[in-house]
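Just below is one structure, and these are the notes that go with it.
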Amino acid sequence: MARYILSRLGQALFVLWAAFTVSFVLLQSLPGDAVLIKFQNPDYGLSPEQLADIRAAYGADGSFLQQYAHAVWNFLTGDFGYSLQAGVPVSSLLATNLPPSLLLAASGFVVATLLAVLIAIACNLSGLAWLRGLIQSIPSLFISVPTFWLGIMLIQIFSFRLRLVPVINPGPWEGLFLPILTVAVPISAPLAQILLKNIDEVLTKPFVPVARAKGLSHAKVLWRHVAKNTLLPVLTVAGLLFGELIASAVITETVFGLNGIGGLTKQAVDSQDVAVLQAIVVIAATAFVIINLVVDLLYPVLDPRLKTKLGAA
Amino acid sequence: MGIKAKLKAASLLSVWLLAAPAAFADDQPVKGGTLIYLEQQAHTNLYPPAGGFYPNGGILNQITDKLTYQNPKTLQIEPWIAESWAVNDVATEYTFKIRKGVTFSDGTPLDANAVAKNYDTFGLGNKELKQPVSEVINNYDHSEVVDPYTVKFYFKKSSPGFLQGTSVIGSGLVSLKTLALSFDQLGDATKIIGSGPFVVESETLGKQLSLKARTDYNWGPSKLEHQGRAYLDGIKYIITGEDSVRIGALLSGQADFIRQLQAYDEKQVSDQSFAIYAAPTRGVNDSVAFRPDNPLVADLKVRQALLHATNNKEIVDTLFSANYPQAKSVISSAAAGYTDLSSKLTYDPALAEKLLDEAGWKKGASGVREKDGKPLSLAVYESLPQPQNKAVLQLVAQQWAKLGVKLQVLAGTSGNLVTDNVDPAKTPLVVAEVGRADPDVIKSQFYPKNRDALLQKGGLNPKATFSDDKLNGILETVASETDRDKRLAAAKAAQEYLLDQAYVIPFFEEPQVFAGAPYVKGVAFEAVGRPSFYSAWLAEH
């Protein structure tokens, strides 16, 4: 097990280095650079000579290897550099944008899971059998609702018409209520679909009639046997969806005027703000590596059959 | 009367004075309250010369003072931090007497020394601290502190636009501590220490900025009716990128004032008796400029044809409102030196067809005009800060398509835009617009050593071969002629020449449009449309 974790850690470091280097190469091969984008802005009205001076001052005219070595060294020493566009240290940008993003993503994910489970339960409740068709179509509805539209509608209805929650100057939780819902709805759809599909599949397995024959009720069969067997694929998809969650947060952040990594990334891409982008790439890669590691480590906990394979590896 | 009695009488009198106007409560400013201001974009670097970016100017205008004040109605330069000034005949030496008792919010004095240091930075830049030169200061040489309250500036060549240049947002005065910071650090608003009526209290990067009034502020522009501290206790800027959320928040009472109201949203705001403020930016109109180095537009006839193929009235009628007047010249009708040249800007498709035929561009099989096997196909990048710029360009593309000219509108972000916009082969057209209430603005936009909209030799494009010495000569006169009448005549000549050569197609006069709740009173705008909340107050609501 220890060897397994060590090799996974080694892989993780490699992924981080590769992500850093590939993103650096891609950023450098793009036309223009952050200094040019910032200062060739007509708002400064700088002459070409002044522009050349500034480029030299920032080292933007250095060779590719020099700039790469500089970036790697800065990262290893924990210096994320300055955002050229915002005029503040990258570390302050991260400090203001990372926590709200994580909070939104994590709570959005929890709510999405709850929604998905609720849909799955509602579908399988014998009392609601007559509604099954309708409930089954909810995920397709959820998945086709554009995040942008959903956010605007929630604001228009709950904030502007009903005046239940303010969007401007809200309290810390008050302000999160609508954004969390906006993030959760589209993410809950694929989760619910997979849950429903798996439950149907597991219900056809031979052990179900056996359990029934032992006198277990439908609900107990679902809860004790089916649920455990459906969790594994759901977990895999959930790990992947978490990434999508952060991506879809860009729209939510814009609509609700929230700070977050999504918006920060968009701005940094627009202005080729290398220091900011490198930091985001490394953080995102780290998050993915950790999430996948956690998912992989959870597999054997959920499915004892996988334990032996792991031990052999 | 004893002292006590006198005091009593005085206080009774003041009570009466205070009470009497209460009957006209609607016009009497009320002290107190925080204005909630919704801003579309977060500010970037707050080095004062970067104040051209709308969100930056909206903050800098509250926290910094300027040496002089340009009256937005008369465009005259009036005293502010400078009580008086003297200019020599050739406009190479400017002497300013500084008002006494002015302090920056960190307690340091705003004296001749501080002013000199500010202008040395703005006029020459600071390589070590990476601070760029300000575009409004031409030919700057050095400063001299004559005495603690007198400062003198020397110029290498005549600089008649300098006096107006001391009144703009880009010339906001900041404390020596702020000037000593490297350019990289000036995105943090709390580090921008000015002497203005408001002070930055706190900031959540990219999200929110709180200003509070300086209670000891007593040095507003001397000709302004309002003196002393600002009426508001504070201003809270909240970044709200989405248009519909800003409007909804304003109309539902969650905000008091919003920036960037789109023309198509104006009606729902005015229908509910909220105020719309369309502050003119008084400079080069919202336009496209040609890059004559590109062979497709090198021919005057082609450029003239495209100018007459452009239907400005349709642009304004379809996309905008009465707050966006159709262009009558290169610069706005509210700008200094404006000349009405609408006779040169006629929409005349028949003439356009004729000119294109004469220039040898014949309609090909695909409907696009061709010459020597090459299609007349042009590209332009949309400009994100300009209102509805993509829609404007797409409408122009439709208008030109009727004549067999293709205009491709490219998306306006990423590094491509910056590098392509200095390459005439890729972008034969560029969107041009700049606000400054001085004739120098024409030079700023078209002179090769400034914004260089036409991409001339010696400018932004290292491979440029095109240059128009006649135009540059006129622009130099605008920037250096000390005789006011001759200077305005040069400004007129520049506008005529730019249209005769069809170097630029002006569309409309660009305002910066805001909306406010009915109880928000006394909001003012400086000469190029940045809001000032010094005299603003919130009536009872």
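Just so you know, the sequences run in chain order A and B. The first sequence begins at 504 in the working numbering and counts up by one. The second sequence begins at 121 in the working numbering and counts up by one. Glycine residues also receive a C-beta, built at the ideal position from the N, C-alpha and C atoms. If you're wondering where the values come from, they're calculated on a predicted model, not measured in any experiment.
- Using a Cβ cut-off of 9 Å (strictly closer), state whether serine 652 (chain B) contacts chain A. no
- Item | Boundaries of the alpha helix (DSSP H) in which glycine 718 (chain A) is found, first to last residue | Per DSSP, glycine 718 (chain A) belongs to no alpha helix (DSSP H) and is neither H nor E.
- Message: Any beta carbon of chain A sitting closer than 9 Å to that of valine 643 (chain B)?
- Response: For valine 643 (chain B), the answer is no, since every Cβ of chain A falls outside 9 Å of its Cβ.
- Item | Among A:Phe710, A:Asp776, A:Thr739 and A:Ala619, the one whose alpha carbon lies nearest that of isoleucine 540 (chain A) | A:Asp776
- Message: List, in chain order, every chain A residue whose beta-carbon is nearer than 7 Å to that of alanine 304 (chain B).
- Response: As written in the sequence, residue 304 (chain B) is aspartate, which differs from the alanine given in the question. In chain order: Tyr585 and Gly590.
- Query: Using DSSP with H/G/I as helix, E/B as strand and the rest coil, what is tryptophan 200 (chain B)?
  - Reply: Coil.
- Query: Going by other Cβ atoms of all chains shown within 10 Å of its Cβ, with 16 needed for buried, is glutamine 392 (chain B) buried or exposed?
  - Reply: exposed
- If you run the structure through DSSP and keep just helix, strand and coil, what is glutamine 446 (chain B)? strand
- Message: Applying the 10 Å Cβ sphere with the 16-neighbour rule, what's the burial state of alanine 609 (chain A)?
- Response: exposed
- Say whether chain A places a C-beta atom closer than 9 Å to the C-beta of proline 507 (chain B). no
- Task: Run down chain A in chain order and give the residues with a C-beta less than 7 Å from the C-beta of proline 175 (chain B).
- Result: Within chain A, no C-beta atom comes nearer than 7 Å to that of proline 175 (chain B); the closest sits roughly 11 Å away.
- Who are the neighbours of arginine 666 (chain A) on chain B, taking C-beta pairs under 7 Å? Ser372
- How many whole angstroms separate the CB atoms of alanine 782 (chain A) and leucine 519 (chain A), which I take to be in contact at a CB cut-off of 8 Å? The pair is not a contact, with the Cβ atoms about 12 Å apart (cut-off 8 Å).
- Message: Could you give the first and the last residue of the continuous alpha helix (DSSP H) run that contains alanine 383 (chain B)?
- Response: Per DSSP, alanine 383 (chain B) belongs to no alpha helix (DSSP H) and is neither H nor E.
- Within-9 Å CB hit, isoleucine 358 (chain B) to chain A: yes
- Task: Whole angstroms is fine: what's the gap from threonine 223 (chain B)'s alpha carbon to valine 624 (chain B)'s?
- Result: Whole-angstrom Cα-Cα distance: 45 Å.
- Task: Ignore the nearest five residues each way along the sequence and tell me which others in arginine 607 (chain B)'s own chain have a CB closer than 7 Å to its CB.
- Result: Cβ neighbours of arginine 607 (chain B) beyond the five flanking positions: Pro280, Pro559, Val598 and Glu601.
- Message: Out of B:Asn258, B:Gly292, B:Thr438 and B:Val235, which one is the CA nearest neighbour of glutamate 266 (chain B)?
- Response: Residue 266 (chain B) is actually valine in this sequence, not glutamate. Nearest option by C-alpha distance: B:Val235.
- Task: Evaluate glutamate 646 (chain B) with the Cβ neighbour count: other Cβ atoms within 10 Å of its Cβ, from every protein chain shown; 16 or more gives buried, anything less gives exposed.
- Result: buried
- Message: So that I know if they touch, is there some Cβ in chain C lying closer than 9 Å to that of asparagine 405 (chain B)?
- Response: In summary, chain C is missing from the structure at hand, where the protein chains are A and B.
- Query: Okay, do the region 445–452 of chain B and the region 625–645 of chain B touch, 3+ Cβ pairs below 8 Å being the bar?
  - Reply: The way I'd put it, the region 445–452 of chain B does touch the region 625–645 of chain B; three or more beta-carbon pairs between them come closer than 8 Å.
- Query: Who are the near neighbours of leucine 515 (chain B) in its chain, counting only those whose CB is closer than 6 Å to its CB and skipping five residues on each side?
  - Reply: Ile435
- Indicate the three-state DSSP secondary structure (helix, strand or coil) for asparagine 509 (chain B) in the structure shown. helix
- Item | Proximity test, Cβ basis, 9 Å: phenylalanine 144 (chain B) and chain A | Below a pLDDT of 50, predicted positions are generally treated as unreliable, and phenylalanine 144 (chain B), at 47, falls in that range; the measurement from the model is reported next regardless. With a threshold of 9 Å between beta carbons, phenylalanine 144 (chain B) makes no contact with chain A.
- Thinking serine 225 (chain B) and isoleucine 289 (chain B) are a contact (beta carbons under 8 Å), I'd like their distance in whole angstroms, please. No, serine 225 (chain B) and isoleucine 289 (chain B) are not in contact; Cβ-Cβ is about 18 Å, not under 8 Å.
- Tell me whether alanine 300 (chain B) is buried or exposed, calling it buried when 16 or more other Cβ atoms sit within 10 Å of its Cβ. exposed
- Buried or exposed by the 16-neighbour rule on C-beta atoms within 10 Å, applied to phenylalanine 517 (chain A): Exposed, because fewer than 16 other Cβ atoms sit within 10 Å of the Cβ of phenylalanine 517 (chain A).
- Query: Which residue's Cα is closest to the Cα of isoleucine 201 (chain B): B:Lys343, B:Leu370 and B:Gly245?
  - Reply: B:Lys343
- Residue-level contact to chain B via CB, phenylalanine 527 (chain A), 9 Å cutoff: With 9 Å as the cut-off, phenylalanine 527 (chain A) does not count as an interface residue toward chain B.
- Item | Sub-9 Å separation of leucine 684 (chain A) and leucine 657 (chain A) beta-carbons | yes
- Query: Would a C-beta distance cut-off of 9 Å place valine 319 (chain B) and leucine 439 (chain B) closer than the cut-off?
  - Reply: Against a cut-off of 9 Å, the Cβ pair of leucine 439 (chain B) and valine 319 (chain B) comes out as no contact.
- Sorted by chain position, which residues of the same chain lie with C-beta nearer than 7 Å to alanine 333 (chain B)'s C-beta, five sequence neighbours on each side aside? Pro317, Phe318, Arg349, Ala350, Leu352, Asp353 and Gly354
- Message: Please return the same chain residues whose Cβ sits closer than 8 Å to the Cβ of leucine 533 (chain A), not counting the five positions on each side in sequence.
- Response: Gln775
- Item | Residues in the region 552–575 of chain A having any Cβ partner in chain B nearer than 9 Å | Glu552, Gln553, Leu554, Asp556, Ile557, Ala559, Ala560 and Tyr561
- Return the residue from the list B:Asp543, B:Glu596, B:Ala584 and B:Phe634 that minimises the CA-CA distance to isoleucine 562 (chain B). B:Glu596
- Is alanine 635 (chain B) near leucine 381 (chain B), with beta carbons less than 9 Å apart? yes
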